[in-house]
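Using the numbering used here, you'd call the opening residue of the sequence shown number 2 and step up by one each time.
Backbone N, C-alpha and C fix where the C-beta goes; we use that ideal spot for every residue, glycine too.
Remarks on the structure that follows.
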Amino acid sequence: MANNCYNLFQFLGNAKVKKQIATWKEQLDLIKPTDTDPECMRAIREVFYPDVPANEDIDYGSDFVYADDECLSPEGDEIAIVSAWTPPNALQERLACLLHPLDKRVVVRNQFNAEDGTQGVAYAAAYDPHHSYIQETSVVVDSDEEDSELAENEAQEQLREQELEILDYFMDDMEGTVKTIKKHMPDLDIDWSNYS
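Here you go:
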């Protein structure tokens with residue numbers, strides 16, 4: 002049995018993006034589980050890949066994916082996804098591409114944690130509606146540590162540092178994302194004057 006990976010997608014974008022997220026969430030909710038699909042995995046395909054033929058396999062970046070509001074309690078402009086083993090990076094990039102026509106500077110952030118102790122974050126943006134870019138980093142909580150709270154805190158601190166490192170590359174490589182990230186995540190420990 003696969004370790005579940007719990008993913009919280011956040012969408013940093015304009016009002017059109019927020020409206021699209023609300024529409025997607027409504028569409029996902031309308032597709033109900035069945036005996037043969039109790040987790041309603043087909044909803045991801047139907048909502049985010051409606052143009053892909055039913056007999057064609059889709060690479061989500063993980064063996065399976067399905068929406069699950071109970072596991073992470075997403076806010077209004079967030080979508081919670083459960084995947085197998087790893088974060089579904091290909092799905093995250095697909096979402097960035099789908100949103101690109103609405104906001105060329107949209108950034109899709111995924112904060113994830115897996116049952117094997119892996120915690121991480123990934124940022125994706127699109128060059129155009131068909132090509133995307135992603136940066137990801139992760140840490141593993143030391144399960145051998147006697148003080149589990151200390152191990153968790155150390156992992157979180159390490160992840161924060163690594164997140165700032167990948168953001169530096171991300172914002173450097175993806176023109177325009179500096180403004181988006183600064184607007185939506187102003188509390189990041191970043192010297193914004195280093196970015197034009």
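query, result
"Rounded to the nearest angstrom, how far is the Cβ of Q163 from that of V140, given a contact under 8 Å?", "7 Å"
"Assuming L219 and F171 make a contact with CB atoms under 8 Å, what is their CB distance in whole Å?", "Here the chain covers residues 2 to 197 and nothing more, so residue 219 does not appear."
"What are the partner residues of G62, as DSSP defines its beta bridges?", "DSSP lists no partner for G62."
"Between the C-alpha atoms of T181 and D69, what's the straight-line distance to the nearest angstrom?", "27 Å"
"Put D192 into one of helix, strand or coil per three-state DSSP.", "coil"
"Return the CA-CA distance between Y61 and A85, expressed in angstroms with no decimal places.", "10 Å"
"Any idea what DSSP makes of D204, helix, strand or coil?", "The first residue shown for the chain is 2 and the last is 197, placing residue 204 beyond what the model contains."
"Taking only the alpha-carbon atoms, compute the straight-line gap between D174 and E137 and give it to the nearest angstrom.", "14 Å"
"Could you give the C-beta distance for N195 and A115, rounded to a whole number, given that I count them as a contact under 8 Å?", "The Cβ separation is near 33 Å, so there is no contact."
"Going by DSSP, what residue range makes up the beta strand (DSSP E) through C6?", "5-13"
"Should T37 go down as buried or exposed, given a rule of 16 or more other Cβ atoms within 10 Å for buried?", "exposed"
"How about A81 and A127: do their beta carbons lie closer than 8 Å?", "no"
"DSSP on H131, reduced to helix/strand/coil?", "coil"
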